[in-house]
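See below for the structure under consideration.
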Amino acid sequence: MSDSVTVERFIAAPASAIFDLLADPARHRDIDGSGTVRGAHGKPQRLQLGSRFGMSMRIGVPYAMESTVVEFEQDRRIAWQTHGPTPLGKLVAGRIWRYELEPTDGGTIVRETWDLSKESPLTKPAAKRAAKTTERNMAATLERIEQLLT
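In my numbering, the protein residues as written are 1182 to 1331.
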């Protein structure tokens, strides 16, 4: 497996509407195809480059993640890098979730990429083993976005 997995879907909605959904961390639970996102914590604001936001998560047991927006181009691209919220959490994880929007006739091609190029060497092997499950979950996320906006 390479260091990234990408899924793509045509969604019959404008890129601006899709981007607005992605840039609102309070809505991430609504679009999460994995079922692990429980909700944003703190007072999430609309995301922009450099924004930090937290998510309450659950895979068997509850945990938290913090993310920083590392790529941002209005209505075209948004990406955030995740880490755990503790000092130890800063040493593990590091994956990047990226959404690229390509306006086209009648809607938008949406690409979601799970990028492990910045993942910690400690967690990268385990993350890579989850690639097929993550790919299915990402496809479900794009389907959920489509259901919400069309």
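Think of the CB as a built atom: it goes at the ideal place given N, C-alpha and C, for glycine as much as any other residue. Since we're looking at a predicted model, the values are computed, not measured.
D1201: first and last residue of the uninterrupted beta strand (DSSP E) it sits in:
Locating residue 1201 in the sequence shown gives position 20, where the first residue counts as 1. Where D1201 is concerned, there is no enclosing beta strand (DSSP E), although the alpha helix (DSSP H) it sits in stretches over 1196-1203.
Hey, could you find the ends of the beta strand (DSSP E) E1283 is sitting in?
As a first step, residue 1283 is located in the sequence shown; it is residue number 102 there, counting from the start. That run of the beta strand (DSSP E) goes 1277-1285.
Outcome for S1233 when other beta-carbon atoms lying within 10 angstroms are tallied against a minimum of 16:
As a working mapping, residue 1233 is identified with position 52 in the sequence shown. A small fix is needed here, since residue 1233 is Arg in this sequence, not Ser. The residue in question, R1233, is exposed, as its Cβ has fewer than 16 Cβ neighbours within 10 Å.
With DSSP run on the structure shown, which of helix, strand or coil describes Q1262?
Indexing the sequence shown from 1 puts residue 1262 at position 81. Q1262 falls in the strand class under three-state DSSP.
DSSP three-state assignment for T1314, whether helix, strand or coil:
The residue you call residue 1314 lines up with position 133 of the sequence shown. Helix at T1314.
If we count Cβ pairs, one from each stretch, closer than 8 Å, do we get three or more for the stretch 1194-1204 versus the stretch 1302-1317?
no
Would you kindly work out how many angstroms separate the C-alpha atoms of A1329 and E1300, rounded to a whole number?
Indexing the sequence shown from 1 puts residue 1329 at position 148. Indexing the sequence shown from 1 puts residue 1300 at position 119. According to the sequence as given, residue 1329 is Leu; it is not Ala. Those two C-alpha atoms are separated by around 31 Å.
Reduced DSSP category for T1322 - H, G, I as helix; E, B as strand; rest coil
As a working note, residue 1322 is residue 141 in the sequence shown. If DSSP states are grouped into helix, strand and coil, T1322 belongs with the helices.
Considering only the beta carbon of each residue, do T1289 and L1282 sit closer than 8 Å?
Within the sequence shown, the letter at position 108 stands for residue 1289. Within the sequence shown, the letter at position 101 stands for residue 1282. Yes; because the gap between Cβ atoms is below 8 Å, this pair is in contact.
Would DSSP call D1213 helix, strand or coil?
Within the sequence shown, residue 1213 is the residue found at index 32, counting from 1. D1213 falls in the coil class under three-state DSSP.
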